[in-house]
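K.L.:
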Amino acid sequence: MGHRALKLLLALRQWGDVQQLNAVFGPGNPNGIEIVTWTQDGSRIFGDATSLDADIVLLDPTLPAFEPNDIQRLYHHECKPIVTLGAIPPQGDWGSKLYQLGIKGHVDLPIGEAQARALVAMGHQAVQDALRERSSPSYIPQVSTQVAQIIATHGWEKSMVAVWAAKGGVGKSTISENLAAVLGVIANRNTVLVDANMAGGNTHIHLGLSESVIAKNIAALARRYQMNLATQGHRGSGNVGMLAAQSVLAPSEVQGHLTLFRNNLRVLVGIPKQFMGGDESFQGEHGRGFMHELLAVVGSMADFVVMDLGQDTNAAIHLQALRDANYVFVVINPDAASIRATGEVMETLFKHVQLDAKKFRLVVNRFHPEHGIARKDIVNALQMPEVGVVPDGGPKVTASLNRGYPLVIDSRGEIARAIVSIASTLYPPVTQVWTHRGKLGGEKSEGLGKKLTQLVFGA
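Residue numbers (our numbering): 14 to 472.
1) Counting pairs of Cβ atoms below 8 Å between the segment 258-272 and the segment 182-191, do you hit three or more?
2) Shortest alpha-carbon distance to residue 441 belongs to which of 76, 170 and 57?
3) Evaluate the contact criterion for the segment 298-311 versus the segment 137-149: three or more CB pairs, one atom per stretch, below 8 Å.
4) For residue 121, which residues from the same chain have a beta carbon less than 6 Å from its beta carbon, with the 5 sequence-adjacent residues on both sides left out?
5) If I'm right that residue 318 touches residue 205 with Cβ under 8 Å, what's the distance once you round it to whole angstroms?
6) Please go through the segment 90-130 and give each complete alpha helix (DSSP H) segment of 4 or more residues, from N-terminal end onward.
7) Starting from residue 20, follow the beta strand (DSSP E) in both directions and report where the run begins and ends.
8) What is the residue span of the alpha helix (DSSP H) that residue 58 lies within?
9) Taking just the CA atoms, how far does residue 372 sit from residue 431?
10) Can you name, in chain order, every residue of its own chain whose Cβ lies under 8 Å from the Cβ of residue 332, other than the five neighbours on each side?
11) Please report how far the alpha carbon of residue 482 lies from the alpha carbon of residue 444, in whole angstroms.
12) Whole angstroms are fine: how far does the CA of residue 199 sit from the CA of residue 33?
13) Report, in whole angstroms, the separation of the C-beta atoms of residue 78 and residue 55, which I expect to be a contact under 8 Å.
14) Helix, strand or coil for residue 47, going by three-state DSSP, please let me know.
15) For my contact list, residue 49 and residue 67 are in at a C-beta cut-off of 8 Å; report their separation, rounded to the angstrom.
16) Give me, in chain order, the residues of the same chain whose beta-carbon lies closer than 8 Å to that of residue 379; leave out the 5 immediate sequence neighbours on both sides.
17) Could you compute how far the alpha carbon of residue 248 sits from the alpha carbon of residue 361?
18) Who are residue 320's beta bridge partners in DSSP?
19) Buried or exposed: which applies to residue 20, given that a residue is buried once 16 or more other Cβ atoms fall within 10 Å of its Cβ?
20) In or out: residue 452 buried (at least 16 other Cβ within 10 Å) or exposed?
21) In chain order, what residues of the same chain have a beta carbon less than 7 Å from the beta carbon of residue 419, not counting five sequence neighbours either side?
22) Count the other C-beta atoms from every protein chain shown that fall within 10 angstroms of the C-beta of residue 138, then say buried if there are 16 or more, exposed otherwise.
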């Protein structure tokens with residue numbers, strides 16, 4: 014038995030384009046997609062698509078009253094995903110704009126037979142991919158209107174957060190990567206994760222980034238900074254970095270070194286080899302100036318900047334990041350050695366380096382009540398407010414690192430909830446987003462999974 018044809022809504026200006034499409038997608042055609050209506054009014058797209066049970070919208074973005082947000086509203090519609098394909102005009106930069114808004118493919122205008130035929134495979138594939146994503150436990154639904162209103166009225170501030178530890182191996186990279194994923198993927202805020210660990214960066218491995226992006230790492234950007242200094246005539250003048258009268262790194266240069274992970278999370282890859290931490294561009298005044306300017310630029314383009322730092326506070330990059338951060342999340346494990354090492358280093362940072370103690374917050378990672386150290390004793394020993402406690406995750410955390418994406422993306426467990434709680438101290442509305450996500454994307458949808466099977470294999 015066959016399955017029902019997909020329903021196609023045409024949102025196009027020209028009747029000639031509609032005629033070409035009708036020859037391929039008219040009633041009773043063998044291509045598995047049928048036109049349900051045509052509109053020239055952009056304001057009707059969402060209402061027509063949802064009321065007529067459309068699966069696909071073919072959109073000319075120059076339609077009057079077209080609302081860009083409708084592309085995402087349709088894709089994340091609670092009943093089923095409705096995918097949008099672009100019909101790209103020959104003039105203007107509509108293609109890149111529409112892909113940023115979320116279209117899943119395009120054809121060029123005006124539409125001829127070749128473009129119409131191309132839409133057959135494109136449309137079927139886009140719907141299959143959307144249904145597969147929707148039925149996945151890692152699906153991130155769009156924030157509802159109600160939650161969006163809460164976000165709009167709930168006070169929060171842009172911030173830069175350094176995730177740091179006085180002792181290695183306590184899980185700060187896991188905390189920083191998952192914190193950034195909560196803010197940039199789940200809450201969908203503009204977030205940049207900076208891997209600034211001068212002992213060697215692992216973020217690109219943990220997030221499963223392509224080998225091709227590793228060259229765009231923090232060392233390459235630091236060398237660009239140094240070259241710009243020489244070009245601008247600052248070298249040797251003592252007028253570098255944070256003391257310079259003019260900026261040394263252009264936003265476009267920083268943007269060019271960032272890699273999109275997912276949704277609104279971008280990553281500055283760390284140094285792939287440990288020896289690179291000794292590069293002169295990271296040392297002394299050059300290193301401090303570079304880090305200060307890097308954070309100024311990414312801070313201007315993002316809602317949140319999360320920094321994964323190495324433990325060595327003698328490294329200029331690390332120390333400058335601690336100075337410039339709005340908050341420092343100090344990660345420790347509930348063991349005596351970790352607590353003692355942290356206390357000793359904190360005393361030096363506060364007394365001799367004169368960092369502001371009020372911006373430091375404690376994150377107790379891998380906590381278990383049977384470890385023998387109470388949370389209150391850790392807080393009292395370090396005289397630092399606790400911002401979160403992450404339970405001991407054991408193999409779950411290691412498995413998420415090996416899979417190449419953060420645990421919070423497809424987990425609803427206690428570790429994910431703990432990290433969301435930490436993120437809520439920076440962005441309170443994330444708790445509502447998390448709750449909403451649980452309602453829409455918490456479980457696989459049997460209906461959607463069945464529909465996907467029917468589309469791929471037939472009824």
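Virtual Cβ for every residue (Gly too), placed ideally from N, Cα, C.
P.N.:
According to the structure shown:
1) no
2) 170
3) No, the segment 298-311 does not touch the segment 137-149.
4) 101
5) 5 Å
6) 107-114
7) 19-24
8) 58-64
9) 20 Å
10) Around residue 332: 301, 326 and 366.
11) Limits of the chain in this structure are 14 at one end and 472 at the other, which puts residue 482 out of reach.
12) 41 Å
13) Their Cβ separation, rounded to whole angstroms, is 4 Å, which keeps residue 78 and residue 55 in contact under 8 Å.
14) strand
15) 6 Å
16) 183, 184, 346, 347, 403, 404, 405 and 406
17) Annotation note: pLDDT 44 at residue 248 (below 50); position unreliable, coordinate value reported separately. Going from the Cα of residue 248 to the Cα of residue 361 covers about 32 Å.
18) As DSSP reads the structure, residue 320 sits in a beta bridge with 175 and 207.
19) Result: buried.
20) Note on residue 452: pLDDT 48, under 50, position unreliable in the model; no value is reported.
21) So the list reads 190, 191, 194 and 413, once near-sequence residues are dropped.
22) exposed
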